[in-house]
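Participant: Below you will find the structure I want to go over with you.
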Amino acid sequence: MDPEYFIMSTKQPLHASLSAIATPRRFDTLSPLRYLTRRIYLYFASHSQISTSQSSPLRVVCISDTHNRTTIIPDGDILIHAGDLSDNGTISEIQAQIDWLASLPHTHKIAIAGNHDSWLDPEIRTKLPVIEQEGSLDWKSVRYVQSEAVTLEVGKRAWNIYAAPHVPYCGSNSFAFQYQRHSPPWKKTPACHIPADTDILITHTPPRFHQDLASSDSRHLGCKALLEEVWRVRPKLHVFGHVHASRGMSLVRWDYGQKAYERTCLRKDAGLLELLDLWAWIDLSIVVVCGFSREVNNVLRRNTGQESIMVNAAVWTDSHGHLEYPIQVAEL
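Numbering of the sequence shown is given in the numbering used here, commencing with residue 859 and proceeding in unit increments.
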């Protein structure tokens, strides 16, 4: 049986991916201009297209948040697991996931930790049952990366990858690699910055405002400091997970329209009084103008070079291993 998956290709428009992009929630209607701005932004994002001169694009299979479960995975050049391999974070659970990943045929396999993978964080490991604190993992053909840069040779090209497991504090002291939002790891010292030449970025947390909406209360759970780093680096592909409800793909264009969209997401509910907010109207206008500009570039097949694929790769399956959402595959 062929695996179910969704491709964001370098050669196809994204009409099919509209459902994979987090749409405005009910709370947006409390501020009409915010609602309208988000709807227009998402409309243009769903009609975007990535241009490339490569005849044989790199095929990256993206998964995250498997939480001990396994499923059928599509073929690709690189398989990325963006954290939360396990549910309880024990060495036995993590090793079982490694064994599954190692059995897959992908030439390159990279995994990072998530907040559920407690054993991988030495500071949290001591909170596990004593019997689960000792031992070691056999990563086999899987490359485990923790806050470091690696380079993979695929075909005739080298791809620079940076991966880090950290997440903003999310409610349990037993979770791994957590940080307080006022002290993000990306900003502590220059050595902690994401390398500027990163092609593929892997984190467990999303950047703020990008596929990070919680299902229960429509809060943005992503990291603001990470968003600032992504703006600086602008990787070709950013793979993350953590927020299951916002899994899917989107295309980000690093332009004034993107800034206007993010400013809009920051605004508080204002009701009809928002109609008197000049800056809200200005941001709406910027999103519209930049959206039409993107459409013109698509028609003329212009490559601005200022675009990134964002993938919330969270995977969830039922008890029989059947996918509840397609596996995400990005082609660069």
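Built from N, CA and C at the ideal position, the CB exists for glycine as well.
Bridge partners for Q1036 per DSSP, in chain order?
Facilitator: Bridge partners of Q1036: V1025.
Participant: From the DSSP output, read off the bridge partner residues of F1098.
Facilitator: Answer by DSSP bridge pairing, in chain order: N1170.
Participant: Do three or more CB pairs link the stretch 1020-1029 to the stretch 969-981 at distances below 8 Å?
Facilitator: Short answer: they touch.
Participant: Which class does R1077 belong to by DSSP, given the choice of helix, strand or coil?
Facilitator: It is coil, neither helix nor strand.
Participant: Could you tell me how far apart the beta carbons of I952 and L995 are, in whole angstroms, since I believe they sit closer than 8 Å?
Facilitator: The Cβ separation is near 6 Å, so the contact holds.
Participant: Relative to the alpha-carbon of M1168, which residue among W1112, S950, D979 has its alpha-carbon at the smallest distance?
Facilitator: For the residues W1112, S950, D979, the minimum Cα distance to M1168 belongs to W1112.
Participant: Please report how far the alpha carbon of W958 lies from the alpha carbon of P932, in whole angstroms.
Facilitator: Approximately 14 Å between the Cα atoms of the pair.
Participant: For K1046, does the count of other Cβ atoms within 10 angstroms reach 16, so buried, or fall short, so exposed?
Facilitator: Classification of K1046: exposed, given that the 10 Å Cβ count is below 16.
Participant: With 16 other CB atoms within 10 Å as the buried threshold, where does W1137 fall?
Facilitator: Classification of W1137: exposed, given that the 10 Å Cβ count is below 16.
Participant: Consult DSSP for S914 and reduce its assignment to one of helix, strand or coil.
Facilitator: If DSSP states are grouped into helix, strand and coil, S914 belongs with coil.
Participant: Start and end of the beta strand (DSSP E) containing G1115?
Facilitator: Here G1115 belongs to no beta strand (DSSP E); instead the alpha helix (DSSP H) covers 1114-1124.
Participant: Out of K1117, L1134, V1012, which one is the CA nearest neighbour of I1144?
Facilitator: The option with the nearest alpha carbon to I1144 is K1117.
Participant: Please state whether DSSP places Y899 in a helix, a strand or coil.
Facilitator: Residue state, collapsed to three classes: helix.
Participant: Please confirm whether V919 and I936 have their CB atoms less than 9 Å apart.
Facilitator: In this structure, I936 lies closer than 9 Å to V919 by Cβ.
Participant: If you draw a straight line from the C-alpha of K1126 to the C-alpha of Y901, how long is it?
Facilitator: Rounded to whole angstroms, K1126 to Y901 spans 22 Å at the Cα level.
Participant: Count the other CB atoms within 10 Å of the CB of T984; is the residue buried (16 or more) or exposed (fewer)?
Facilitator: Exposed: under 16 other Cβ atoms inside 10 Å.
Participant: Using 9 Å as the threshold, is the C-beta distance between A940 and L978 below it?
Facilitator: Taking 9 Å as the Cβ cut-off, A940 and L978 do not qualify as a contacting pair.
Participant: By how many angstroms is the C-alpha of G934 removed from the C-alpha of R917?
Facilitator: Straight-line Cα distance between these residues: approximately 5 Å.
Participant: Of the residues H1078, P890, I1060, L986, which one's Cα is nearest the Cα of E1006?
Facilitator: If we check each option's Cα against that of E1006, I1060 comes out closest.
Participant: According to DSSP, simplified to helix, strand and coil, what is I968?
Facilitator: It is a strand residue.
Participant: Would you identify the three-state DSSP class for V1088, choosing helix, strand or coil?
Facilitator: DSSP places V1088 in helix when its eight states are reduced to three.
Participant: May I ask you to report which of helix, strand or coil DSSP gives N1018?
Facilitator: Looking at N1018 - three-state DSSP - the assignment turns out to be strand.
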